[in-house]
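Participant: One structure is given below, represented as structure tokens, and several questions about it will come after.
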Amino acid sequence: MLISTAIFDELTAQAKASPRLRMNLDLRNTPADQSQRMLNALEPGTVMPIHRHRHTSETVVVLRGKVKWVYYNDKKEVTDTFIVAPGSDLVGLSVPIGQWHSLECLETGTVIFESKDGPYEPMREEDVME
Numbered sequence: 047m048l049i050s051t052a053i054f055d056e057l058t059a060q061a062k063a064s065p066r067l068r069m070n071l072d073l074r075n076t077p078a079d080q081s082q083r084m085l086n087a088l089e090p091g092t093v094m095p096i097h098r099h100r101h102t103s104e105t106v107v108v109l110r111g112k113v114k115w116v117y118y119n120d121k122k123e124v125t126d127t128f129i130v131a132p133g134s135d136l137v138g139l140s141v142p143i144g145q146w147h148s149l150e151c152l153e154t155g156t157v158i159f160e161s162k163d164g165p166y167e168p169m170r171e172e173d174v175m176e
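Numbering follows my numbering, in which position 4 of the sequence shown is assigned residue number 50; successive positions increment by one, without gaps.
Shown next, in the form of structure tokens:
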């Protein structure tokens, strides 16, 4: 697969049409591939709850657009905030296992590359802060 701006544009159109204001494209080779690799198109207003991944780190690279990435402690207090965008000093980050985090999409047409270890696991209630 070639990853092109045409793919970004198509994902962005799908994200804009989605009630969640985001859309992802699975980049795994086959369903048997036990990794998680995806492109994720985000639009301003998409809601990403504060959450954590207890069994994997998460690597994110912003390919187009801009996001605000936020880390939290167990008391839901902000511990760090990062502006991530291509061409800036910070283009991506690796979220440690168990780190509470969320993001805010700051620009229309934002596309990120996201990867995690192991197969997909749905978020459990104890891994999402209300």
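The beta carbon of each residue, even a glycine, is placed where N, CA and C say it ideally should be.
What you are looking at is a predicted structure, and each value in this text was computed from that prediction instead of being measured.
#1: When you compare only the Cα positions, how much space is there between Ser64 and Thr58?
#2: Return the chain-ordered list of same chain residues with a C-beta closer than 6 Å to the C-beta of Met169, the five sequence neighbours on each side being excluded.
#3: Please state the DSSP three-state secondary structure of Leu178.
#4: In the DSSP output, what is Asp72 paired with across the bridge?
#5: Who are the near neighbours of Leu136 in its chain, counting only those whose CB is closer than 8 Å to its CB and skipping five residues on each side?
#6: How would you label His101, buried or exposed, when you count the other beta carbons within 10 angstroms and need 16 or more for buried?
#7: If I follow the unbroken alpha helix (DSSP H) through Leu136, where does it start and stop?
#8: Buried or exposed: where does Gly133 fall if 16 or more other Cβ atoms within 10 Å of its Cβ makes it buried?
#9: Pairing CB atoms from the stretch 153-166 with CB atoms from the stretch 80-96, are three or more of them under 8 Å?
#10: Cα separation between Asn119 and Met69?
#11: Cα separation between Val80 and Pro142?
Facilitator: The short version:
#1: Straight through space, the alpha carbons of Thr58 and Ser64 are spaced by roughly 10 Å.
#2: Here the set comprises His97.
#3: The structure shown does not extend to residue 178, since the chain is modelled only from 47 through 176, so no value can be given for it.
#4: Asp72 pairs with Met84.
#5: Result list for Leu136: Phe128, Ile129 and Val130, in chain order.
#6: Sixteen is the threshold: since fewer than 16 other Cβ atoms of the shown chains lie within 10 Å of the Cβ of His101, the residue is exposed.
#7: From DSSP, Leu136 is part of no alpha helix (DSSP H); its letter is neither H nor E.
#8: When all chains shown are included, Gly133 counts as exposed.
#9: Proximity of the stretch 153-166 to the stretch 80-96 meets the contact definition, three or more beta-carbon pairs being nearer than 8 Å.
#10: When the Cα atoms are used, Asn119 and Met69 turn out to be separated by approximately 28 Å.
#11: Correcting the residue type first, residue 80 is Gln in the shown sequence and not Val. Gln80 and Pro142: Cα-Cα distance of roughly 19 Å.
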